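Novice: Got a structure for you, written out below as C-alpha cells; questions coming shortly.
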Ligand SMILES: Nc1ncnc2c1ncn2[C@@H]1O[C@H](COP(=O)(O)OP(=O)(O)OP(=O)(O)O)[C@@H](O)[C@H]1O
Ligand SMILES: [Mg+2]
C-alpha cells in the first residue's frame, strides 16, 4: 500500500501540497531497527518497504523502484557498499542514505564516492534523519529536473536536427559523428555564414560523452584581444588593474565539455600562438598565474573564411591552422546541396506553421517559387532561407509561398552563375536547339516570375525593357507572351 503525502512540515507550519508519494526502502538485518524506522517513517507519511539482506533488497528494489534507500553497511550476505553500486547503476537518481554502527573513514569515503547522498550513524537521531530525507527529496527532484533538461538539450541539438539528404551534407554529418565519438581535442568547422556551424558544434557536443559537462561558446570577433585572453584563460587576482578577484576562464569552466571558438579567423596572432600551445601541450596557465592547469575541454573552432588561404596570405598562423585542420569539417553552402533547399523550405514551413496561431497555415511552395529557390545563390545560406520562409508566412494570404512575397534579392537579384569548375547552368540538347527558343523560354519564365511586369522581367534577364519588348516582337510566340505583360 502506498500512502499519499498530503502535507509536509515546514518552518511555517503544515502546508498542503500536491499529492505525492515517496517510497523508502529500509535495508537492515536488525529487525528491531527496521520496525521502529518503519513506524517513524510512516508517521511522517512516507511509504515504507523493508529488506533484511542484499538478496531481498535487490528483489524489492527491482519490483518497487523506491526513491530513497536507507542502507546498512554491514549486512549478512555482503557489504551495503556493493548494493550501493548496483543501485547507482540501475537508477542513478535514487537517494541512498548509508546507516552505520561505527563510523569508519574508509567506508565513508567509499560510500560518498559511490554516490551515497549522506551518512547516518547508529543510534539514529530522528531529527537528523528527518532533515536528511527532506534534503534527499530536494536533491532527487533537482537531479530529475537536470536529467530532463539534459535529455531535452540532447534532442534539441542532436544530429537529427540537421536537415538534408544531399551527399554533400551527409558527408559532413558523417564526419561530425565520427568526431563526436572520438576523443580528438580540436576540430575546425569551416563554412560560409548561415551554413550551420553553430548547429554542428552543438550536435557534436551533445552526441559525445561530454554531453553532461558544459558547452560554452565565445565569439573571437566580439571582444578586444586582452579581454578574450582573460575570458579564455582566466586570471589571478591582481594580474592586471581590474583583476580584483581570481577568475576561472572558459578553458576551466568547460572542463570535461566543449568550448566553441567562433570566428577563430578574427583572433589576434599573439593569442593564436597561446591557443596553439594549449592544444599542443594540453595545459594552460591563468593570466598572471604560475600553476599549469590541465585542459580537458574539446575545442571546436569555426570560421567562415578559408583559413588555408588566410594563412597562405599571412593573415592567420599557419601552425595553428595545421593543428586545427587535422580534423576539418567543411560545411557545404546551401547552393551545393541540391534539393535540400526544398526540403529545408518545407521544414521551415512546418515549423512556422506550428508557431502560428489561428487557421492561417502554409502548405508548401508554389511551383515558380520552388524553381527560384533551386537556382538562387543563397549567400546567407540556411539562415537566409529560414528568414525568407518566416517572412512569407507573415505576408502570404494563401496556402502557398508565391513569388509575390519573396524579397527583391530573390526575384530581381543576381541569378546563379556557372560554378567555379566552369560547369554550365544549361545543357545543350544532343540535337541542338534554336537560340531564339531559349530566349523565349527564359523570357517566359522571367515574365511568370514577375507576374507579367515587363520592367522587372527585363531586369531579371539583365537587358533593358525595350530590348525585351523587341525580342518578344520578333516571333509569333513572343507576341503571345507580350499579350500577357503589363503592356497589353
Ligand atoms: N541543415 C540544417 N537543418 C536545419 N537548420 C539548419 C541547418 N543548417 C543551419 N540551420 C539553421 O540555420 C541558422 C543558421 O545556422 P548557424 O547559426 O549554425 O550558422 P553558422 O554557420 O554558425 O553562421 P555564422 O557564420 O553566421 O555564425 C540556424 O537557425 C540553424 O538552426
Ligand atoms: Mg555561427
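In our numbering, the protein residues as written are 16 to 503.
Even for Gly, the Cβ is constructed at its ideal location relative to N, Cα and C.
Since we're looking at a predicted model, the values are computed, not measured.
#1: Taking DSSP as the reference, what is the three-state secondary structure of residue 8?
#2: Looking at residue 286 and residue 240, is the spacing between their C-beta atoms short of 8 Å?
#3: According to DSSP, is residue 416 helix, strand or coil?
#4: Residues around ligand 2, please: the condition is that the C-beta lies closer than 6 Å to some non-hydrogen atom of it.
#5: Closest to residue 394 by C-alpha separation, out of 209, 159, 297, 336, would be which residue?
#6: Would you mind listing the beta strand (DSSP E) stretches within the stretch 151-205 that are 3+ residues and don't spill past its ends, in chain order?
#7: Which of helix, strand or coil does DSSP assign to residue 235?
#8: For the alpha helix (DSSP H) that contains residue 62, what are its first and last residues?
#9: Let me check one thing: in DSSP terms, what residues is residue 309 bridge-paired to?
#10: What does the alpha-carbon distance come out to for the pair residue 319 and residue 336?
#11: Please determine whether the Cβ atom of residue 398 lies at a distance below 7 Å from any heavy atom of ligand 1.
#12: Might you give, ordered along the chain, the residues of its own chain that have their beta carbon closer than 7 Å to the beta carbon of residue 486, omitting 5 neighbours on each side?
#13: Tell me residue 136's beta-bridge partners as DSSP assigns them.
#14: Going along the chain, which residues of its own chain have a beta-carbon closer than 8 Å to the beta-carbon of residue 367, five neighbours each way excluded?
#15: Can you name, in chain order, every residue of its own chain whose Cβ lies under 7 Å from the Cβ of residue 93, other than the five neighbours on each side?
#16: Does the distance from the C-beta atom of residue 85 to that of residue 112 stay below 8 Å?
#17: Quick check: residue 190 and residue 317, are their CB atoms within less than 8 Å of each other?
#18: Please tell me whether residue 116 and residue 132 are closer than 8 Å, where the distance is taken between their beta carbons.
#19: Consider the C-beta atom of residue 208 and the heavy atoms of ligand 1; say whether any pair is separated by less than 7 Å.
#20: At 3 residues or longer, what runs of the beta strand (DSSP E) sit wholly inside the stretch 209-235?
#21: CA-CA distance, residue 194 and residue 392?
#22: Excluding the 5 residues preceding and the 5 following residue 294 in the sequence, name in chain order all residues of the same chain whose CB lies nearer than 6 Å to its CB.
#23: Whole angstroms are fine: how far does the CA of residue 476 sit from the CA of residue 433?
#24: Is DSSP giving residue 58 helix, strand or coil here?
#25: Have a look at residue 101 and residue 212 and give me their C-alpha separation to the nearest angstrom.
#26: Leaving out the 5 sequence neighbours to the left and right, which residues in its chain are closer than 6 Å to residue 275 when beta-carbon positions are compared?
#27: Roughly how many whole angstroms lie between the Cα atoms of residue 370 and residue 45?
#28: To test your reading of the DSSP string, which unbroken beta strand (DSSP E) runs of 3 or more residues are found completely within the stretch 68-110?
#29: Could you compute how far the alpha carbon of residue 277 sits from the alpha carbon of residue 364?
#30: Can you have a look at residue 148 and say buried or exposed, based on whether 16 or more other CB atoms are within 10 angstroms of its CB?
#31: Using DSSP with H/G/I as helix, E/B as strand and the rest coil, what is residue 493?
#32: If you draw a straight line from the alpha carbon of residue 430 to that of residue 424, how long is it in whole angstroms?
#33: Which partner residues does residue 271 have in the DSSP bridge list?
#34: Use the C-beta contact count for residue 488: other C-beta atoms within 10 angstroms, 16 or more gives buried, fewer gives exposed.
#35: Cα separation between residue 82 and residue 168?
#36: Quick check: does the Cβ of residue 176 come within less than 7 Å of any heavy atom belonging to ligand 1?
Specialist: Reading off the structure:
#1: It is not possible to answer for residue 8, since the shown part of the chain is limited to 16 through 503.
#2: Position 225 of the chain shown, counted from the start, is the residue given in the question as residue 240. Position 271 of the chain shown, counted from the start, is the residue given in the question as residue 286. Yes, the Cβ-Cβ distance between residue 240 and residue 286 is below 8 Å.
#3: Locating residue 416 in the chain shown gives position 401, counting from the first residue. Residue state, collapsed to three classes: strand.
#4: 212, 213, 277
#5: Stepping through the chain shown from its first residue, residue 394 is reached at position 379. Among 209, 159, 297, 336, the Cα nearest to that of residue 394 belongs to 209.
#6: 201-205
#7: Taking the chain shown and counting its residues from 1, one reaches residue 235 at position 220. In this structure, residue 235 counts as coil in the three-state DSSP scheme.
#8: By one-based count along the chain shown, residue 62 stands at place 47. Secondary structure note for residue 62: it is in no alpha helix (DSSP H), and the uninterrupted beta strand (DSSP E) holding it is 62-66.
#9: Here residue 309 refers to the residue found at position 294 of the chain shown. Residue pairing by DSSP places residue 309 opposite 298 in a beta bridge.
#10: Looking up residue 319 in the chain shown gives position 304. Looking up residue 336 in the chain shown gives position 321. Using only the alpha carbons, I get a separation of about 14 Å.
#11: The residue labelled residue 398 in the question sits at position 383 within the chain shown. Correct: residue 398 has its Cβ closer than 7 Å to ligand 1.
#12: Translated into the one-based positions of the chain shown, residue 486 becomes position 471. If we look at residue 486 and ignore the five residues flanking it on each side, its Cβ neighbours are 454, 458, 493.
#13: Translated into the one-based positions of the chain shown, residue 136 becomes position 121. Beta-bridge pairing by DSSP links residue 136 to 115.
#14: Along the chain shown, read from residue 1 onward, the residue named residue 367 stands at position 352. So the qualifying residues of the chain are 377, 404, 405, 408.
#15: The residue labelled residue 93 in the question sits at position 78 within the chain shown. The residues are 69.
#16: The residue labelled residue 85 in the question sits at position 70 within the chain shown. The residue labelled residue 112 in the question sits at position 97 within the chain shown. In this structure, residue 112 lies closer than 8 Å to residue 85 by Cβ.
#17: The count along the chain shown starts at 1 and reaches residue 190 at position 175. The count along the chain shown starts at 1 and reaches residue 317 at position 302. Going by C-beta atoms, residue 190 is not nearer than 8 Å to residue 317.
#18: As a first step, residue 116 is located in the chain shown; it is residue number 101 there, counting from the start. As a first step, residue 132 is located in the chain shown; it is residue number 117 there, counting from the start. Their beta carbons are not under 8 Å apart, which means residue 116 does not touch residue 132 by this criterion.
#19: Translated into the one-based positions of the chain shown, residue 208 becomes position 193. Residue 208 Cβ: within cutoff of ligand 1.
#20: With a minimum length of 3 residues, the continuous beta strand (DSSP E) runs that stay inside the stretch 209-235 are 230-234.
#21: Here residue 194 corresponds to residue number 179 of the chain shown, with the count starting at 1. Here residue 392 corresponds to residue number 377 of the chain shown, with the count starting at 1. Cα to Cα, residue 194 sits roughly 30 Å from residue 392.
#22: Looking up residue 294 in the chain shown gives position 279. Cβ within range, chain order: 201, 338.
#23: On the chain shown, residue 433 is found 418 positions in, with the first residue counted as 1. On the chain shown, residue 476 is found 461 positions in, with the first residue counted as 1. Its pLDDT being 46, under 50, residue 433 is placed unreliably by the model, and the measurement read from it follows with that caveat. Residue 433 and residue 476: Cα-Cα distance of roughly 15 Å.
#24: For the purposes of this step, residue 58 is taken as the residue at position 43 of the chain shown. Three-state DSSP puts residue 58 in a helix.
#25: By 1-based counting over the chain shown, the position of residue 101 is 86. By 1-based counting over the chain shown, the position of residue 212 is 197. Going by the C-alpha atoms only, they are around 41 Å apart.
#26: Mapped onto the chain shown, residue 275 falls at position 260. Once the five neighbours on either side are set aside, the close Cβ partners of residue 275 are 216, 232, 315.
#27: The sequence position of residue 370 within the chain shown is 355, counting from 1. The sequence position of residue 45 within the chain shown is 30, counting from 1. Rounded to whole angstroms, residue 370 to residue 45 spans 60 Å at the Cα level.
#28: Those beta strand (DSSP E) runs which fall completely within the stretch 68-110 and span 3+ residues are 83-87.
#29: Sequence index remark: in the chain shown, residue 277 carries index 262 (1-based). Sequence index remark: in the chain shown, residue 364 carries index 349 (1-based). Looking at the two C-alpha atoms, the distance is approximately 29 Å.
#30: Taking the chain shown and counting its residues from 1, the one referred to as residue 148 is at position 133. Residue 148 is classed as buried because its beta carbon has at least 16 other beta carbons within 10 Å across all chains shown.
#31: Residue 493 sits at position 478 when you count from the first residue of the chain shown. Correct three-state label for residue 493: helix.
#32: What you label residue 430 is simply residue 415 of the chain shown in a count that begins at 1. What you label residue 424 is simply residue 409 of the chain shown in a count that begins at 1. Residue placement at residue 430 is flagged as unreliable, the pLDDT there being 42, under the threshold of 50; a coordinate-derived value is accordingly withheld.
#33: The residue you call residue 271 lines up with position 256 of the chain shown. Its beta-bridge partners do not exist; DSSP assigns none.
#34: Residue 488 sits at position 473 when you count from the first residue of the chain shown. It counts as exposed.
#35: Here residue 82 refers to the residue found at position 67 of the chain shown. Here residue 168 refers to the residue found at position 153 of the chain shown. Between residue 82 and residue 168, the C-alpha separation is close to 25 Å.
#36: On the chain shown, position 161 is the one that residue 176 refers to. Residue 176: yes, Cβ under 7 Å from ligand 1.
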